[in-house]
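Have a look at the structure below, then the notes.
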Amino acid sequence: MKMTIWSKFIVAIPLAVILLIGLSCMVKTEKRADNTLKDAFEGKFYIGAALSANHINDEGQASMQVLKNHFNSIVAENVMKSGMIQVREGEFNFDQADKFIEIGKKNDFHIVGHTLIWHSQAPRWFFTDDEGNDVSPEVLSKRMETHIKTVVGRYKGQVKGWDVVNEAILDDGSWRQSKFYEILGEDFMKLAFQYAHEADPEAELYYNDYSMANPGKRNGVVNMVKKLQDQGVKIDGIGMQGHVGLEYPTIEAFEKSILAFSDLGVTVMITELDLSVLPSPKRDMGAEVSTNVAYQKSLNPYTEGLPDSVQNQFDERYLAFFKLFLDHHDKISRVTLWGINDGDSWKNGWPVRGRTDYPLLFNRDNTPKSVVKDIVQLASQY
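Sequential numbering of the sequence shown, starting at 1, is according to UniProt numbering.
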């Protein structure tokens, strides 16, 4: 039958509509595939990265563009620690910390300060007098107050939250016998949070530690936080350092800690996240920075890249953790990677110097690993 011009037009309309719908779907699919990490987690939690002095002093490097594209929160890896800021008593050097803050303000990042009180990377003068003897509790508490109020006060209203105390509880739940503890006892924790709150009443205040999925440490931190709360001390969150491996800790143990900490009425943050693929000299070494193991070739097996089997394990493990975080996004306010690309990571030198590790979500050339798109897709389901 011969078609009229009108009938041909009628047929063409639905065909055009179908083509337009198909094109629209292709555009939407392409847009979805191009989503960044910060887009994927919008409305769920901040996604952050730690900045080293290298990043802070070279904003033009390619990894900084990755930071701006994929992340919306930053934390200082080292430049805000007491040993960097106050090498000698009363001589504060804020040069690097100021640059870090400026990067955050210029790019509208959520800024986290790390860390005010930590037994490691604290200057020796903090704990001793002119003759090398331990100072009195009164002197140490005054030095803590001066340091905390000077640093927090300088960045009042700019830093959204502070890691007030770092790594004060051991894996068995007992207190680390640091100089802070030896001189002041448990009170050093209360005083640190008290001084930080007085310096900036609006800033959130956190306790941060590694191996937080360990039952002993979990219980120790819960007990410590409850004591602070009973004393009326402001503590807003607990940072669970995510220095994990392919086999440890279990997802179930990590989840138990998220729930236990959330039950305290504080927010939970996943901090210092990295996933090592390298053999560990011993199971679940945590992240004690003083650990140093002699180099062995068997402990550095992937100098030329990862085998497919290990890459698959890596992808599955990261997805499992991000599924856990998304399942509990109502309890988690932030997830922060400890670096931007694999070349940044401290895991290349800890606990064995000179190794090649692949613990982050971006390769050394700043390209995203295949798991990034899988994480973005996973987040779209929540």
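We put the beta carbon where it would ideally sit given N, CA and C, even for glycine.
Problem set entry | Coil, strand or helix - ASP134 by DSSP | DSSP places ASP134 in strand when its eight states are reduced to three.
Exercise. Quick one: is ASP134 buried, meaning 16 or more other Cβ sit within 10 Å of its Cβ, or exposed?
Worked result: With fewer than 16 other Cβ atoms inside 10 Å of its own Cβ, ASP134 counts as exposed.
Problem set entry | Backbone CA spacing between TRP175 and TYR181 [nearest angstrom] | Spanning the two alpha carbons is a distance of roughly 8 angstroms.
Problem set entry | Pairwise C-alpha distance: GLU255 and ALA213 | The straight-line gap from Cα to Cα measures roughly 8 angstroms.
Exercise. So, helix, strand or coil for LEU299, using DSSP?
Worked result: In the three-state scheme derived from DSSP, where H, G and I count as helix and E and B as strand, LEU299 is classed as helix.
Exercise. Hey, is the region 219-239 in contact with the region 186-195, meaning 3+ C-beta pairs nearer than 8 angstroms?
Worked result: Cβ pair count under 8 angstroms is three or more, so yes.
Exercise. Quick one: what's got a C-beta closer than 6 angstroms to THR267's C-beta in the same chain, skipping five residues either side?
Worked result: So the list reads GLY237 and SER333, once near-sequence residues are dropped.
Problem set entry | Residues bridged to ASN208 (per DSSP) | ASN166 and GLY239, per the DSSP bridge assignment.
Exercise. Does the distance from the CB of GLY245 to the CB of SER211 come in under 8 angstroms?
Worked result: No, they are not a contact pair.
For this session: Along the alpha helix (DSSP H) that carries ARG317, what are the first and last residues, could you check?
Result: Run containing ARG317: 308-327, per the alpha helix (DSSP H) assignment.
Exercise. Does the region 147-160 come close enough to the region 212-227 to have 3 or more Cβ pairs within less than 8 angstroms?
Worked result: In short, these stretches do not touch, since the Cβ pair count stays below three.
Problem set entry | CA nearest to the CA of LEU326, picked from ILE270, LEU361, ARG355 and ASP58 | Comparing Cα-Cα distances from LEU326 to each of ILE270, LEU361, ARG355 and ASP58, the minimum goes to ILE270.
Problem set entry | Separation of GLU198 from LYS149, as counted between CA atoms | One Cα belongs to LYS149, the other to GLU198, and the distance between them is close to 8 angstroms.
Problem set entry | Contained beta strand (DSSP E) runs [length at least 3] in the region 39-94, N- to C-terminal order | You should have 46-51 and 73-76.
Problem set entry | SER120 versus LYS81 - alpha carbon distance | Annotation: SER120 to LYS81 spans about 9 angstroms, alpha carbon to alpha carbon.
Problem set entry | Opening and closing residue of the alpha helix (DSSP H) in which GLY220 lies | First-last of the alpha helix (DSSP H) with GLY220: 215-230.
Exercise. Where LEU264 and VAL225 are concerned, what is the direct C-alpha to C-alpha distance, given to the nearest angstrom?
Worked result: Roughly 8 angstroms between the two C-alpha positions.
Problem set entry | Boundaries (first-last residue) of the beta strand (DSSP E) holding ASP274 | ASP274 -> beta strand (DSSP E) spans 267-276.
Problem set entry | In DSSP terms, what VAL161 is bridged to | Reading the sequence as shown, one finds Gly at residue 161 and not Val. DSSP lists VAL112 and GLU204 as partners of GLY161.
Problem set entry | Same chain only: Cβ atoms within 6 angstroms of ALA40, ignoring 5 sequence neighbours per side | Contacts found: VAL376 and ALA379.
Exercise. What's the C-alpha gap between PRO14 and GLY43?
Worked result: With a pLDDT of 49 at PRO14, under the threshold of 50, the modelled position of that residue is not reliable, and no figure is offered here.
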